[in-house]
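Position 248, counted from 1, in the sequence shown is what the working numbering calls 250; the numbers after and before it change by one each time, with no gaps.
Below is one structure, written out as structure tokens, with a few remarks after it.
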Amino acid sequence: MPHDINEQLDRAAAILKRAKKVAVLTGAGISAESGLATFRGAGGLWEGHRVEEVATPRAFARDPALVWRFYNLRRVNLAAVHPNPGHFALVELEQRLGDGAFTLITQNVDGLHHAAGSRRVLEIHGSIRRVRCSGCDAIEERGIEALPELPRCGKCHALLRPDVVWFEEMLPQDIWLQAEEAAQTCDCLLVVGTSAVVYPAAGLVESARINGAQIIEVNLTPTPASRGADVVLLGQAGTILPDLMRRLT
Ligand code: BJW
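Shown next, in the form of structure tokens:
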């Protein structure tokens, strides 16, 4: 089927205009135009690393210094990174809909939605700007300050770890329950810049769909989420999302 982007954008705008409650699910693709690497594919973050080496609890137990080098580099890089027009378009969408009608569920740990000004943000995979004690579970906001290679908890002296969700770990339950609720009760789920292969996040798309939501996807390429989507907008989030917002006025 030919992909007439203007026609698809109009269809997506019509869906969004009708929706009383909107949820958004974002992934690494929305931050790509801010200069952050995505995870999968050529040039992705996992390239040069095996996932099991840096993003599992076992990896941290085996070689915490390697894991911290990987995360410290990403933390330091954030100093030069700013939200892009895709992030700002979602701030505009939240402002249009108002409190109680908008939830932004993000798999990203970069904090760029908050930096852009989004308010109702659920960070289901945690935040690279926080650390968590592997001993006493205390969580601390550390921004993007440089941390020692093996940072330790000021209270119990156990190793600190990034407060992110690694493979085989449970998502933070309170945040996850809110994300599920938002997906199950929205009229429209906007899925932006995610390969939709990592669960349980990817399952939110199906969950929204079977509860009657219309699905709009924005991505450079089709994903497993495209099959059940009502509209697939192929292109850069930083261009597509502002264009979509202009069509809502
Ligand atoms: C653009 C763009 C532009 C680019 N504009 N678009 C077998 C089957 C099913 C499930 C499992 C299974 N085996 C294991 C599991 C469970 C596992 C899982 O899902 N694995 C699959 C990969 C197979 N999940 C888990 O383990 C989760 N926990 C869990 O299930 O607990 C229960 C359990 C307990 C015990 C044992 C087993 C299960 C936890 C998942 C945690 C994911 N963590 C990470 C790392 C976070 C920290 C960090 O940042 O380092 O989260 S992995 C990584 O992937 C990160 C991301 O949030 C996540 C999703 O990636 P995302 O955002 O989609 O990025 P990409 O790179 O994949 O895609 C980017 C997209 O953008 C692409 O599509 C581009 O085209 C697009 N794009 N530029 C628009 N400008």
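Even glycine gets a Cβ: it sits at the ideal position worked out from N, Cα and C.
Can you determine whether any heavy atom of the ligand BJW sits closer than 7 angstroms to the C-beta of residue i, and answer yes or no?
{"i": "asparagine 79", "result": "no"}
{"i": "phenylalanine 169", "result": "yes"}
{"i": "leucine 95", "result": "no"}
{"i": "alanine 63", "result": "no"}
{"i": "alanine 44", "result": "no"}
{"i": "glycine 230", "result": "no"}
{"i": "valine 200", "result": "yes"}
{"i": "asparagine 110", "result": "yes"}
{"i": "methionine 247", "result": "no"}
{"i": "histidine 127", "result": "yes"}
{"i": "valine 220", "result": "yes"}
{"i": "serine 197", "result": "yes"}
{"i": "glycine 102", "result": "no"}
{"i": "glutamine 238", "result": "yes"}
{"i": "phenylalanine 90", "result": "no"}
{"i": "glutamate 208", "result": "no"}
{"i": "glycine 31", "result": "yes"}
{"i": "valine 166", "result": "yes"}
{"i": "alanine 227", "result": "no"}
{"i": "alanine 15", "result": "no"}
Specify the secondary structure class of residue i as computed by DSSP and reduced to three states.
{"i": "arginine 154", "result": "strand"}
{"i": "isoleucine 130", "result": "strand"}
{"i": "threonine 241", "result": "helix"}
{"i": "valine 111", "result": "coil"}
{"i": "aspartate 189", "result": "coil"}
{"i": "arginine 77", "result": "helix"}
{"i": "glutamate 208", "result": "helix"}
{"i": "alanine 140", "result": "coil"}
{"i": "aspartate 6", "result": "coil"}
{"i": "glutamate 182", "result": "helix"}
Rounded to whole angstroms, how far is the Cβ of residue i from the Cβ of residue j, which I believe are closer than 8 angstroms?
{"i": "leucine 106", "j": "leucine 124", "result": "7 angstroms"}
{"i": "alanine 30", "j": "glycine 195", "result": "6 angstroms"}
{"i": "leucine 191", "j": "alanine 25", "result": "5 angstroms"}
{"i": "valine 72", "j": "valine 56", "result": "A small correction: the amino acid at residue 72 is phenylalanine; valine does not occupy that position in the sequence shown. Contact flag correct, Cβ pair sits at about 5 angstroms."}
{"i": "asparagine 86", "j": "serine 36", "result": "5 angstroms"}
{"i": "arginine 132", "j": "glutamate 147", "result": "Wrong, their Cβ atoms sit about 12 angstroms apart, outside the cutoff."}
{"i": "alanine 15", "j": "leucine 161", "result": "About 49 angstroms separates the two Cβ atoms, so there is no contact after all."}
From the options, pick the residue whose C-alpha is nearest to that of residue i; which is it?
{"i": "leucine 243", "options": "Trp48, Leu161, Gly88, Pro150", "result": "Gly88"}
{"i": "alanine 63", "options": "Leu18, Gly237, Arg76, Arg163", "result": "Arg163"}
{"i": "isoleucine 7", "options": "Leu222, Gly50, Lys19, Arg132", "result": "Leu222"}
{"i": "glycine 145", "options": "Glu151, Arg77, Ala91", "result": "Arg77"}
{"i": "glutamate 171", "options": "Ala203, Val193, Arg20", "result": "Ala203"}
{"i": "glutamine 175", "options": "Ala14, Ile126, Val233", "result": "Ile126"}
Is the Cβ of residue i closer than 8 angstroms to any Cβ of chain C?
{"i": "histidine 159", "result": "Annotation note: the requested chain C is absent from the structure, which comprises a single protein chain."}
Original post:
Between the segment 168-188 and the segment 205-217, are three or more C-beta pairs nearer than 8 angstroms?
Top reply: yes
Original post:
Is it true that the segment 114-122 meets the segment 150-168, where meeting means three or more beta-carbon pairs spaced less than 8 angstroms apart?
Top reply: no
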